[in-house]
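Note sheet for the following structure.
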Amino acid sequence: MKDIKRGSWIAVLCWAAWALAGANGSKGRAADWPTHQGNSQRNAVTEERLSLPLSPVWVHQPRYAPEPAWPPPAKQDFWHEESNLAPRVDFDLAYHVAVAGDSLFYGSPAEHAVHCLDAGSGALRWSFFTEGPVRFAPVVRDGKVYFGSDDGNVYCLKAAGGELVWKYRPASDDRRLPGNGHMISLWPVRTGLVIEDQTVYGGAGLFPDHGVYLFALEADTGKEVWKRSIPQPAQGYLAADAGALWVPSGRTGMMAVALRDGKDVGSIDTCGTYLVATQGRVFCESSRYQRHLLIRGALARPDHFVTVQEETAYFQGPREIAARTLAPYVQRTTELARQRSRHKQLSEELKKAGTRDPAKAAALLAQLDTLQKTIVDLEDQVENKSHLWRRKDAPAHSFVLAGDTLFCGRDGRVTAARTGDGAEAWTAKVAGRAYGLAVAQGRLFVSTDEGSIYCFESGQPAPLQTVTAPAPTSPYSHDDLGAAYAAAAETILGQTPDRKGYALVLDCGEGRLAYEIAKRSEFRVVGVEADAAKAARAREALAKAGLLGRVSVHHIPKGKLPYPQYFANLVVSDGAVVSGELPMDWSEILRVLRPYGGVAMFGGPRLTTAAAEETLRAAAVEGGRVLSDRGAWVAVRRGPLAGAGEWTHQYADPANTTCSGDTLVRGRMTPLWFGQPGPRDMIDRHNRTMAPLWKNGRLFVPANERVIALDAYNGTRLWEVDVPGSRRLGVMKDAAHMALADDLLYIAVADACWGLNVATGRREVVLQSPPPEGSGKYQWGYVAVVGDRIFGSIQKSGASLNRQGNMCPILEGDFRQIILSEELFSLDRRTGQTKWRYAGAIPNSAVGLGKGRIYFLEARDGAPAARSLDGRIRIDQLFSGPTFLVALDAESGRKVWEIPLRLPFQHIVYLCYAPATDAVLLSGTFNGKVGAEDHVFYGLRTFRSDTGVLLWEQDIAAGIINGTHGEQWQHPVILDGEVLTKYFECDLRTGNTLPSRAFSPGGGCGTLSGSASAIFLRGGNPHMFDLQSGTGAALNHVSRPGCFVNIIPAGGIISIPESSSGCTCSYPLQASFAYVPTEIAQ
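Position 806, counted from 1, in the sequence shown is what the numbering used here calls 806; the numbers after and before it change by one each time, with no gaps.
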């Protein structure tokens, strides 16, 4: 019998025994489909019957395809040997609809809107625009439409005309940030609402550390009935049944609260956003890999969808469609789960008994044999004796039951099967994957991932009517004022180095300057307007222009802006163009303006040069100047942040300190932005690729044979370039393949090094490594850049690990191989001219630069290193012969000094230069004993950088031997006069150990990164330890960083680009994040 991994099925939890008393929720009128999946239970059942065959009547094609909030997962999890991973957060892959009477409603993330269509023709009736994406289908009840938005509000509209009845904001504060590609609330309403007994239920927030709320509102008035905080994100379509509200959380477990007061009544340790709550049972995803079904922890077939009608359950899976009588099926699978659990328990007891207690072992074996027969019998009952019928079938993306017909949405088609036997009775083609189905008013509605919404009806086929969104048109008159706005936009963009990112338009008015800037750039434009009526008119106009969504207009009273520090590449004022009046609160403008080139520019034809100069003098703003161009302008370009650090090499710098030196990252932190890139194009976390790099406001993320450049302050994807042959894995045993200068990002590829323009990604130069003296194929290994010099190494082709897979047997544990170079060299990075070469057997992980010298370890003739045929070798073998620490002059390659060494290292070796003490540090690990216990020891050897004289040495007992969570390869952080790892701290001047601070919260397999004020590490979630206060805390409780260096404190912020790719553990959000100190953000 094959073992099935824990938690790999749809969960059907029979919770009626402990649920609150209460009737099943209302199912809505049979003729309507008033909410996603038809009713509050989300069971996708309607009594309405459709007469087959159906014919397509119309297709509605919106202006934009859906914009899912979260990127798809990795394609595989190598550690668990699972491929074709299914997305677990998939609520907005299509425009799901609600239908009431002759009206159809859907929300649009791309347009920040809810649209109402004529259900009979697909024609647009009205649109209502919000201040952020609308990701869930509305709920329609008693002539009103209810929905939530990423702008942090719940809305109630009149269904007939879309007029606002009321809106409600669950959070007490209005704080916004770039999230999932839009400027949204820190507390987005990311749940599909539920209405039960004239009460609206919903949830808001993704970051429990900053507040996540569940709430209940009076449906007629929006008055709050109750509100409470919860310790996990609220994300997905809520479901209500038997007096309880079920709350999905994305990639982690869901909880249940009482409808009447919000108190906890249960939870399920499961994951995903698919949820059905009906007849006292809860069906939900619990798979780490695919969408499957579980009953009280029992493993059933890997079904994707379920719908229940009375005592019959219909299941749609990857290979079959089936009908089962629910009660005996639940009973058998529950018993099967119990017996499997008992089998596992007895197996553990047998392991403990072993050969020490033969009699007990024999008895346990007999019990296990009997139990195995019972399990096989139960499996047969579940598999073969629980069906009313079953048929082979293809996978589906949606599944509903209408009368006696089961409709399935599939790739490029929709099908119908009869409930009597499952035989296919009808099929029709659609464009895209059919993720959404609804049956109402005699029609079948199909929503696809391409954005199309189809309507099918019974009757004779007729020509399909295609209803498209109107072509974008200019919403403003072509008059002198329009010409002035156009000229202003040209002037502003002429002074702005960026064309991507975020532009903030103050005093936005009716959106005319925002419109002109958006037309001429790729900025996401955020307009701020204190007059609600003007803001509404601006949204209407920008929607007509096809720009609403990329341009958002926020109604914000005068005063403090709700946006985070540093996010805006450009800040301008519409009001200044019209009136010539300039903003007076420069502190707020500079607070939100991006360092390293962000531009604030105010003026226009009505501003005089004298007034502009007086404003600049009064404001006393650094970097400001007055320009004359079709009027006068005050322009401020923000420079670098004083005290901000950078991260230009794998371990922060060419010296390998793993410390950015950033003095600004300290205290409590708050989210700055989150979203892309996601896990799909990243290297698997256990394969441990190199760290992201950071300089001058740009973040460079190493992806799978690709590099992605982001604006570090708002997450905008600036460019991405495919770099075939660049993948490098197991970086702790090797050297990284990228290094960063002011102008170029250098990437080692085969036997060369590409230089990519940091602003555009354009390949400006290809530097060729010097030809090797020996025969055979070689590649570029080590890479570092200092000034106009680039430093590299030559290694055997294929020496660096580059094939993704389960690499834990290669990287984890003791006595693993490291990568070896055969020559170091230096080139002029401008001309490519070779400046010097040095031949020797040199481990890639033990090369560093500092004080004008390059330092490295070298194994001399007679050592096994000289006989390494593939460029890989165990460290204990490498150091078994003559070994030297060598220093060369970095400019000329002249040998400054060398000293012979005897090193005990067996697992890893690192070299760092410590600027504060002008010393070279060697760090490595080996096995030893403390009393009778085996331990991994960290050996530290420190030398004067000018002479190589040994200053001190120290061996420190640390983790367990042969560990699998980085016990052997922790890279040190060099912070002023100290060396730190998660196991110990030492004084770099004396070698004395210091009182160790509890950096590690446990469970972390990465290594430390540091700033001047803090230490960062993986401990399940990303953690920060503040060195000034001596306290540590998780930056969040919703994500996981990568398994090596992934948390980058630089530029006054913390950047954590996605690096958990392939991880299927239960945590809510898998994306990229950035954080800013709370005291600055506020």
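Virtual Cβ for every residue (Gly too), placed ideally from N, Cα, C.
1. Compute the Euclidean distance between the alpha carbons of G1052 and G1042, then round it to the nearest angstrom.
2. Do the stretch 83-101 and the stretch 39-52 touch if we need at least three Cβ pairs shorter than 8 Å?
3. Between T925, E613, F407, S826, which has its C-alpha nearest I956's C-alpha?
4. For R228, which residues in the same chain have their Cβ closer than 6 Å to its Cβ, ignoring the five residues on either side in sequence?
5. With H, G and I counted as helix, E and B as strand and the rest as coil, what does DSSP make of R698?
6. Would you mind giving the Cβ-Cβ distance between Y168 and L217, rounded to the nearest angstrom? I have them listed as a contact below 8 Å.
7. Whole-angstrom Cβ separation of A735 and Y782, contact assumed at under 8 Å?
8. Is G675 helix, strand or coil when you go by DSSP?
9. Per DSSP, T191 forms a beta bridge with which residues?
10. Suppose only complete runs of 3+ residues qualify. What are the beta strand (DSSP E) ranges in the stretch 377-418, listed by chain order?
11. State yes or no: is the C-beta of N704 nearer than 7 Å to some heavy atom of the ligand FMN?
12. Are the CB atoms of G850 and A655 within a distance shorter than 8 Å?
13. For T883, collect the residues of the same chain with a Cβ closer than 8 Å to its Cβ; drop the 5 residues on either side in sequence, then sort them by chain order.
14. Taking its Cβ as the centre, do 16 or more other Cβ atoms sit within 10 Å of T370, making it buried, or is it exposed?
15. Using a threshold of 8 Å, state whether the C-beta atoms of L756 and N802 are closer than that.
16. Go to R591, then tell me how far its alpha helix (DSSP H) extends in each direction, as first and last residue.
17. At 3 residues or longer, and completely inside the stretch 490-565: list those beta strand (DSSP E) runs for me, N to C.
18. So if DSSP puts F147 in a beta bridge, which residue, or which two residues, is it bridged to?
19. What is the rounded straight-line gap between the Cα of R816 and the Cα of N962?
20. Leaving out the 5 sequence neighbours to the left and right, which residues in its chain are closer than 6 Å to A256 when beta-carbon positions are compared?
21. From V721 to R706, what does the alpha carbon distance come to, in whole angstroms?
22. In or out: P677 buried (at least 16 other Cβ within 10 Å) or exposed?
23. Quick one: is H182 buried, meaning 16 or more other Cβ sit within 10 Å of its Cβ, or exposed?
24. So with Cβ pairs under 8 Å, would you call A736 a contact of chain D?
25. Per the DSSP calculation, D1026 is bridged to which residue(s)?
26. K982 lies in the beta strand (DSSP E); which residues open and close that run?
27. Take the Cβ of Q41 as the centre, count every other Cβ of all protein chains shown within 10 Å, and call the residue buried at 16 or more, exposed below.
28. Going by C-alpha distance, which of G1062, L157, P66, T1031 is nearest G667?
29. Residues in the same chain with beta-carbon distance under 7 Å from A518, minus the five sequence neighbours each way, listed in chain order, please.
30. What is the DSSP secondary structure of R332, reduced to helix, strand or coil?
31. Starting from the Cα of A361, find the closest Cα among T374, Q372, S347 and give me that residue.
32. Go to V578, then tell me how far its alpha helix (DSSP H) extends in each direction, as first and last residue.
33. What number of angstroms, rounded off, separates the C-alpha of Y855 from the C-alpha of R688?
34. Measure the C-alpha to C-alpha separation of P472 and M254 and round it to an integer number of angstroms.
35. For a test of the three-state rule: what should DSSP assign to T46, helix, strand or coil?
36. Given this structure, state the Cα-to-Cα distance separating F523 from A752, to the nearest angstrom.
Taking the coordinates as given:
1. 21 Å
2. no
3. T925
4. Result list for R228: L214, G262, in chain order.
5. Collapsing the DSSP output to three states places R698 in a strand.
6. 6 Å
7. Rounded, the Cβ-Cβ distance is 4 Å, consistent with contact.
8. strand
9. G236
10. 387-392, 398-402, 405-418
11. The ligand FMN is absent from the structure shown, which contains no ligands of any kind.
12. yes
13. L857, E858, A859, R860, A863, P900, L901, R902, L903
14. By the neighbour-count rule (16 or more Cβ atoms within 10 Å), T370 is not buried but exposed.
15. no
16. 586-592
17. 502-506, 524-529, 551-555
18. Y155
19. 10 Å
20. A244, W246, V265, G266
21. 6 Å
22. Buried, because 16 or more other Cβ atoms sit within 10 Å of the Cβ of P677.
23. Of the other Cβ atoms in all chains shown, 16 or more fall within 10 Å of the Cβ of H182; this residue is therefore buried.
24. The displayed structure is made up of one protein chain only, and chain D is not part of it.
25. A1014, T1031
26. Taken as a continuous stretch (DSSP letters only), K982 belongs to no beta strand (DSSP E), as it is neither H nor E.
27. Taking every protein chain shown into account, the CB of Q41 has 16 or more other CB atoms within 10 angstroms, so this residue is buried.
28. Measuring from the Cα of G667, the nearest candidate turns out to be T1031.
29. V525, L547, R550, V551
30. helix
31. S347
32. 574-579
33. Near 25 Å, if we compare the C-alpha coordinates of R688 and Y855.
34. Looking at the backbone, the Cα of P472 and that of M254 are separated by about 42 Å.
35. strand
36. 35 Å
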